[in-house]
Each structure stands twice: as C-alpha cells, then as structure tokens.
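See structure below.
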Amino acid sequence: MTIELFIKKYLPIIILAVLVRVAIMPFYFHPDIKTYYFQASFLQNGVVNIYSFLESNKSKLPLKEDFVYFPLSYYFLGSYEILASPFLGSSFKDWLYDANATSMENLGVFRYLFILKIPYLLLDITIAFLLMSFFSSQEQKKKIFILWLFNPISLAIIYVYSNLDIIPVSLTLLSLVFLQRKHMLLSALCLGLGAGFKAYPLIFLPFLLIYAENLREKIKAVLVSLGTTLVIIAPFLLSPSFKQETLLSGLTTRMLLPTINLGFGETILVAIMPLALLFFYTLIRNNTIKKEPTYLFLVILLLLFSFIHFHIQWILWIMPFLILTLVKKPQLGKLVLFLLVTAFLIPIFYNDLSMSVSTLRPISSWFTLVPIPYKIVNFIYDPYIIQSLLHTFFASATLIVTWVLLKEDNL
Amino acid sequence: MSRLILLSILIAGLAILLPAILSFGIRVIPGQVQPSMGMTERIYSTSVVTEVFSANRNNLSGIGVSLKNPNLQNKQDVVVSLFNDNSELLGQSTVNGASIPDGGFIKFIFEPIRNSEGKNFVFVLSSIWSHQSDATEVFYVNEPVKNPQKLLNGKAPCLSKTSDLKIIMVDLKVDQNCTLLLVENSQKANVSYVTFYKASPLLIIQEVYSGWWNRLYADKSFFVTYLLIIATLVGGLVLAARSKSN
C-alpha cells in the first residue's frame with residue numbers, strides 16, 4: 012500500500028476512530044485500571060518483585076488486592092507510569108492511594124483515566140492493522156479495519172472495562188500473523204511473550220505444534236515459547252506469593268474448575284475435554300480448521316468460554332478472531348454476531364456493580380445508586396437462570412460454528 | 085465515509101448521553117459521600133442507635149447505612165425512625181433482616197419531607213425483635229461512646245406510640261411531652277450514614293451534567309489539552325476528507 016493510498020483511504024478512518032475513543036477514554040472507569048496501576052506504581056520505587064512486596068506490605072497498603080498477573084504486566088504498566096508521570100501530575104499518587112469512594116471525586120480523575128488508557132489506544136489501532144494484514148483484497152482490508160475500529164463491544168471492553176488484556180491479545184494476534192506466514196518460531200515467541208502478561212496464550216501452543224513441519228520444529232517451538240515464558244517468570248518461581256496468587260490463582264486455574272466426578276478422586280475436566288477433542292481431531296484430519304489457523308484459534312477460545320465462568324475483559328481474547336471470521340466467512344455472520352453479543356451480555360448480568368452502572372462513577376458517584384441489571388432481573392426472575400440460559404445458547408452456537416468449520420473436511 | 089461519521093457520532097453520542105439515560109434510574113440523590121467505616125455496633129431489643137444531622141437539601145426522603153448481617157442470620161425487621169427537632173415522628177421505614185446482605189448498604193426510604201433544607205433531624209435505628217446474639221450491626225465512622233443522653237434542642241427524641249416497641253420499653257421512659265423517651269442504652273452514634281433526597285429526573289440530569297462539566301473544567305490544563313486534541317482531530321479529519329475528495 013502506498014503512502015498516498017493510505018492517507019486517502021485509511022487516515023480519515025483512523026482519525027475518526029481516535030476521535031470516538033478520545034470521547035470515551037476519560038469518563039468511564041473500571042476498578043481494575045486503578046488497582047493494577049496502583050500496584051505497578053511500586054516499580055518507580057525500585058520494587059522488582061511485586062508479588063513478595065505486596066505480600067509483606069499488604070497491611071500497610073490502602074488497596075489489599077494481590078497482583079494476579081504475570082510479571083511483564085507489572086513491568087509494562089510500571090514503565091509506562093514512569094514515562095507518563097510528568098503528565099499525570101503530582102496528585103496522581105494521592106488518587107492511586109485513595110481507596111475511598113470519594114477518590115472518584117478527585118478533580119484529576121479525567122486526566123488520569125485518559126493518560127492511563129493511551130497504551131490501550133495504541134495497541135487497539137495496532138490490532139486494526141494486524142487484522143488488515145490477513146487479507147489481500149483492498150475491500151476486505153477496509154471492511155475488517157472498520158469492523159474492528161467501530162464495533163461498540165471492543166470499544167466498551169477496551170475503554171470502559173479497560174484491563175490490560177489488550178497486550179496479550181495483540182501478541183496472540185501477532186502470533187497468528189506469523190503462523191499464517193509460516194514463521195513458526197516467531198509465532199511461538201509471541202505466544203511465550205503474551206504468556207508473560209497473562210497465561211492464556213499458552214493454550215494455543217499445542218495447536219501451534221500441529222503446523223510445525225517436523226519434530227525438530229515442534230521441539231524448537233516448544234522451547235522458544237515455554238522458554239520465553241519461563242525466563243520471564245523464573246525469578247519469581249521461588250516466591251510463594253507468586254505461586255499462590257498468580258500461578259495457582261483462581262483466574263489461572265479457572266479452566267480446571269468444571270468437572271465430572273469419576274469417583275476415587277478422579278474427574279473429567281469439562282473445559283479441557285472439548286479442547287483435547289479438537290486437538291486430536293485436527294491432528295488426524297486435514298480440514299478447514301487445520302488449513303485456516305484463524306478458525307482454530309477462534310474455536311479454541313469459543314470452546315473454552317463455553318465451559319467456564321469468564322470475565323467481561325476476557326471477551327477481548329476472542330474478538331479479533333470473531334471479527335476475522337465475520338469477514339472471511341460471511342455465511343457465519345449471524346452466528347458470529349450472536350456469539351459476540353451473548354458473550355458480552357453474560358457478564359453484564361453478574362451481581363457486580365462495576366460491570367455496568369458503576370463504570371460511570373467518574374461522571375457522578377450517583378450512578379452507583381442505579382439498580383444493576385442483576386437486580387432489575389431479580390425482580391422478575393432468577394438472574395442466574397438468565398445467565399445460564401445465555402451461556403447455554405453461547406455454548407450451543409459455539410458447537411454449531413465448530414461443527415460447520417469441522418465438517419468442511421477434505422479427507 | 086459519511087456513514088462512518090454518522091456511526092461515530094452515534095457511538096460518541098451514546099457515551100455522552102448514557103449518563104442522561106441512566107439518570108432516570110436514580111430515584112433519590114445522596115446528600116454526601118458515605119464516610120469510611122470503622123467498627124460496628126449491634127442493634128437489638130434493648131440497643132438502639134441515634135444520630136443527629138442537618139439536611140442539606142429539600143425533600144429529605146431516606147437514610148442509608150451499612151449493616152453487618154453474617155450469613156443473613158438476622159431475619160427481624162430493622163426500622164429507621166426519623167424525628168424533627170421537636171421530637172415528632174416524621175417517617176419510618178422498615179427493612180427485613182432477611183434482605184440485608186452482610187456488609188450491605190441499606191437505604192431506608194420514607195415519604196419526602198418537603199422543606200427539610202437546613203433543618204435538624206434525628207434518626208433512630210432499632211430492631212426490637214432481634215436478640216443480641218443474632219443482631220445486625222451498623223457501621224460507625226469511629227468508636228461509639230456508650231450511654232450518653234442524646235438530646236436534641238434540650239429534649240431527647242421520642243419514638244412513636246404506634247411503632248412496635250414492646251420490648252424496647254425496658255429502656256425507655258415516659259415523658260410528658262412525648263410518649264416514649266429514649267434514655268438508656270442509646271449510643272452517641274457516629275454512624276457512617278448517607279442522607280437521601282427525592283429529586284425530579286430533570287434536576288438530576290441537570291446536576292449530573294453540570295457536575296461533570298465543572299469537574300472537567302476544574303482541571304484546566306487537562307481541559308485545554310483535551311479540547312486541543314479534539315480540535316486537532318476534527319481539523320485533521322476535515323483535511324483528510326478534502327484530500328480524499330480531490
């Protein structure tokens with residue numbers, strides 16, 4: 012693409028997309044952004060091992076949460092905070108340390124939220140370009156660019172629920188780009204780096220090996236991917252708080268929770284089983300999923316989300332692959348849209364203030380008085396049944412999408 | 085491109101209008117932010133809690149407190165009774181313990197008191213059917229002082245004859261000015277509470293947006309930078325659109 016073509020075709024779209032984001036960034040808030048930037052602020056004080064630091068200083072700190080992510084998250088957010096500190100102002104630390112409800116009344120809150128979300132904005136735009144690289148036709152490039160930048164769900168997840176998931180999401184997508192271009196080791200490296208932020212990209216590793224040309228490449232890919240993650244986490248492996256709060260935390264081990272009891276202490280891991288089925292099937296059959304890693308990445312996450320309780324921020328993991336499928340396979344459009352909307356609605360019905368109305372707290376603390384969807388539904392019906400119904404529909408749609416993609420079998 | 089611009093206006097507009105839409109879900113507005121909470125005090129048959137306060141708006145219509153009720157152990161009524169400075173009962177609101185989650189912030193809503201602004205009131209938090217063992221506990225800002233005489237304009241607040249106070253009478257004395265007078269066991273309550281006021285949706289929307297604007301404007305350097313960013317982006321968009329049409 013020439014610079015002239017880029018300026019003519021894409022620059023107005025990018026400017027418009029940034030404008031929309033700028034309108035949202037300072038005004039919406041989820042507690043995660045404050046918690047993780049609070050913890051990352053200790054990097055400025057020279058704290059290298061955040062896990063043991065939080066463990067030994069918890070009683071003195073205003074926010075008691077553990078650091079549940081992998082080490083690169085801490086270093087990334089902490090480094091950005093150091094860079095941004097001249098623009099954040101001297102009162103920023105006071106705001107971070109203020110655990111009271113009144114902290115949202117702080118006059119600098121719009122500035123803080125705007126500046127803290129800038130890395131997410133850059134990665135968001137980067138994802139749009141990465142998605143374009145999957146297509147050769149200009150029409151499809153433009154379509155996916157617009158679909159990513161102007162869909163309200165990714166906007167809400169990135170700028171309202173603003174968690175750092177966008178970093179591993181970018182790396183996972185980059186891994187897929189490299190895989191499409193047959194750069195197996197770079198693809199494995201991206202997964203390893205992504206797992207340095209959050210563990211989930213490692214789910215893709217066994218599937219990545221299917222694409223390796225020979226055993227030597229498979230071994231190299233495993234070494235590069237796991238080795239990268241291991242190098243990142245190695246300094247913390249002896250830290251009990253890292254093991255307890257991150258490696259074995261409820262978030263990391265969520266996929267081991269749903270089980271079918273076989274007796275005598277044995278269980279079938281419900282969330283792992285469909286992934287294992289997919290792995291073995293893909294291993295022996297030469298089907299569409301195998302030929303098109305995008306679909307494989309999509310189905311892996313869809314199957315995983317179908318059988319675990321997931322957080323709203325996690326939907327971002329799946330978003331690029333859903334959007335890619337929407338453009339690559341328009342005949343699945345309705346199902347993909349259904350999956351997207353359902354995945355977004357399920358967490359909205361959680362009994363959690365910060366999932367809905369409370370995100371408007373920077374605008375006015377009065378919004379915490381607005382009944383949350385869970386409570387509204389509770390007047391009429393059991394909200395857990397509504398959630399379960401949505402989750403069942405989501406799982407059913409997932410199975411159909413998987414079946415459609417698998418049945419296009421070439422053997 | 086024009087469709088994209090429309091879509092962008094729609095998304096940004098929704099983000100800006102969402103507070104107005106959600107404002108319709110706000111029935112009452114708080115008079116203050118709830119102070120941070122410290123220790124707790126039990127509320128049961130012979131232990132009630134009182135608090136004197138001054139209303140900062142008209143249409144006083146509720147009191148909100150945080151209550152401890154582990155495992156929903158208390159299933160008795162918890163009552164907030166509101167008195168004016170003449171010790172007249174103005175309103176009462178009851179919430180059953182079964183619907184008080186542990187640590188939950190509970191709003192006791194009553195009929196709005198029209199000209200409440202600037203006037204003194206006292207609320208009494210009681211739960212006469214509760215026992216000490218299964219009592220709900222109210223959160224204090226700091227440690228309460230036991231058994232002071234809680235006086236308002238020289239008089240103790242009295243509870244209504246109509247309220248169900250059979251058990252609490254042990255701790256109450258009859259006064260010539262009112263039926264029952266709280267004397268014993270009332271706490272000097274530094275309760276962590278919030279007052280609520282009824283307001284029209286339009287007033288709420290107006291206050292939400294004026295508060296939003298004022299706070300945005302208050303951080304002047306950010307406000308100017310923010311406007312400059314928006315102006316630059318709009319200018320860039322116009323230029324890019326022109327170069328596209330050429």
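Protein chains in written order, with the working numbering: chain B, 12 to 422; chain R, 85 to 330. For glycine and all other residues, C-beta sits at the position ideal for the given N, C-alpha and C.
Using a Cβ distance threshold of 8 Å, Trp328/B and Asp176/B count as a contacting pair. The beta carbons of Pro358/B and His322/B sit closer together than 8 Å.
Proximity of chain B to Phe306/R at the Cβ level (cut-off 7 Å) is accounted for by Phe121 and Arg122, in chain order. Under the three-pair Cβ rule at 8 Å, the segment 402 to 418 of chain B counts as touching the segment 305 to 316 of chain B.
According to DSSP, residue pairing for Arg265/B in a beta bridge does not occur. Residues of the segment 186 to 219 of chain R that bring their beta carbon within less than 7 Å of a beta carbon in chain B are absent altogether. Counting along the chain, Glu135/R sits inside the beta strand (DSSP E) bounded by residues Val132 to Ser138. Leu91/R is positioned such that its CB atom lies closer than 8 Å to that of Phe161/B.
Chain B places a beta carbon closer than 8 Å to that of Asp303/R, counting this residue as a contact.
Assignment of Asp186/R by DSSP, reduced to helix, strand and coil, places it in the coil class. For Arg87/R, the uninterrupted alpha helix (DSSP H) segment begins and ends at Ser86 to Ser107. Residue contact check for Val292/R against chain B: a CB pair falls below 8 Å. For the set Ser327/R, Ile190/R, Thr134/R and Gly109/R, the Cα lying nearest the Cα of Ser367/B is the one of Gly109/R. Judged by beta-carbon spacing, Ala199/B lies beyond the 8 Å limit of Leu184/B, meaning their Cβ atoms are not closer than that value. It is roughly 9 Å from the alpha-carbon of Pro37/B to the alpha-carbon of Ile374/B. Taking each of Gln160/R, Arg87/R, Val112/R and Arg111/R in turn and checking the Cα distance to Gln216/R, the smallest one comes out for Gln160/R. Closer than 7 Å at the C-beta level to chain R, one finds these residues of the segment 358 to 380 of chain B: Val368, Leu371, Ile374, Ser375, Ser376, Trp377, Phe378 and Leu380. Under the Cβ distance rule, Ile138/B does not count among the residues neighbouring chain R, no pair being separated by less than 8 Å.
Using a C-beta cut-off of 8 Å, the segment 198 to 213 of chain R makes contact with the segment 144 to 158 of chain R, since at least three inter-stretch Cβ pairs fall below that distance.
If the five residues before and after Lys191/R are omitted, its C-beta is found closer than 7 Å to the C-beta atoms of Gly146, Gly148 and Phe280, all from its own chain and listed in chain order.
With a cutoff of 8 Å on beta-carbon distance, Leu158/B and Val338/B are scored as near each other.
Taking a Cβ-Cβ cut-off of 7 Å, the neighbours of Gly295/R in chain B comprise Ser375, given in sequence order. Rounded to whole angstroms, the separation of the alpha carbons of Ser177/R and Phe194/R is 6 Å. Residue contact with chain R for Phe161/B: present (Cβ-Cβ distance below 8 Å to some residue of chain R). Interface with chain B (8 Å Cβ-Cβ cutoff): Val117/R is included.
With at least 16 other beta carbons inside 10 angstroms of its own, Tyr39/B counts as buried.
Sequence-distant Cβ neighbours of Leu197/B in its own chain, meaning closer than 7 Å and more than five residues away, are Phe189. Two segments are said to touch when three or more pairs of C-beta atoms, one from each, lie closer than 8 Å; by this definition the segment 77 to 90 of chain B touches the segment 61 to 69 of chain B. In this structure, the straight-line span from the alpha carbon of Phe137/R to that of Leu313/B is close to 55 Å.
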